[in-house]
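Under UniProt numbering, residues 1 to 162 are what the sequence shown spells out, in order.
Glycine residues also receive a C-beta, built at the ideal position from the N, C-alpha and C atoms.
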Amino acid sequence: MFCCIVEKRDKETLLPLIEENIAPGSRIISDGWKSYFDIGQLPSGYHHDVVNHTKYFKDPVSGAHTNTIEGLWALLKQPLKAAHGRHRTTLDASMFEFQFRSRFAGQDLFYILLGFITQQYDVTESEISDLAGYNAPEPKAAKKRKARDEESQGNSDNEDDF
1 MFCCIVEKRD KETLLPLIEE NIAPGSRIIS DGWKSYFDIG QLPSGYHHDV
51 VNHTKYFKDP VSGAHTNTIE GLWALLKQPL KAAHGRHRTT LDASMFEFQF
101 RSRFAGQDLF YILLGFITQQ YDVTESEISD LAGYNAPEPK AAKKRKARDE
151 ESQGNSDNED DF
């Protein structure tokens, strides 16, 4: 998922953004907005489905619909409404945060952010973690393995005592 603020919603603005941010060959579903008409003609080989809301909300042949993106827009707008709108200068940051949280939902966001910092700067994750006083949680599989190992060591210790 990708979203950004644009000054103009014309094809000269939108089509280059699509090519820069959406993988070649992707399926793109849009409504009948005229600026999207040429998506299927782009050299990136996109498959473009158009949902005409005056006729239907879900294409009976392809199954294409815009419900998913409309749901995402609703989720994006919730924090903006809760904050009584946002100043124009912070809107980009809010959209980026939404994309980041959506992409890495269910994961340790702080740890992922540390990984991005280490890619950008000459520093290791442990150096940053030490500075921040943060230790990343162990993955569940590692915790289970560790518990199983400790349990088996505990059993073998008991056998040695007899």
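Terminal residues of the beta strand (DSSP E) in which residue i lies
i, result
"Ile29", "27-30"
Within 8 Å, strictly: CB atoms of residue i and residue j
i, j, result
"Leu15", "Asp38", "yes"
"Lys58", "His65", "yes"
"Val51", "Ile29", "yes"
"Leu72", "Met1", "yes"
Euclidean distance between Cα positions of residue i and residue j
i, j, result
"Gly63", "Asp149", "50 Å"
"Ala105", "Leu114", "16 Å"
"His53", "Val123", "51 Å"
"Lys77", "Glu12", "26 Å"
"Asp161", "Glu151", "Residue placement at Asp161 is flagged as unreliable, the pLDDT there being 40, under the threshold of 50; a coordinate-derived value is accordingly withheld."
"Tyr36", "Ser126", "46 Å"
"Asp130", "Cys3", "34 Å"
"Thr68", "Trp33", "17 Å"
"Glu20", "Leu75", "24 Å"
"Lys146", "Asp92", "43 Å"
"Asp31", "Pro24", "20 Å"
"Gln107", "Gln119", "18 Å"
"Ser102", "Met95", "10 Å"
"Arg27", "Gln153", "53 Å"
"Tyr121", "Lys55", "52 Å"
Cβ-based burial, residue i [other Cβ within 10 Å; buried from 16]
i, result
"Phe98", "buried"
"Ile117", "exposed"
Segment limits, alpha helix (DSSP H) that includes residue i
i, result
"Asn52", "From DSSP, Asn52 is part of no alpha helix (DSSP H); its letter is neither H nor E."
"Glu7", "Per DSSP, Glu7 belongs to no alpha helix (DSSP H) and is neither H nor E."
"Phe116", "109-120"
Would you say the segment 44-52 touches the segment 1-8, given that touching needs at least three Cβ pairs under 8 Å?
Inter-segment contact for the segment 44-52 and the segment 1-8 is absent: fewer than three beta-carbon pairs are separated by less than 8 Å.
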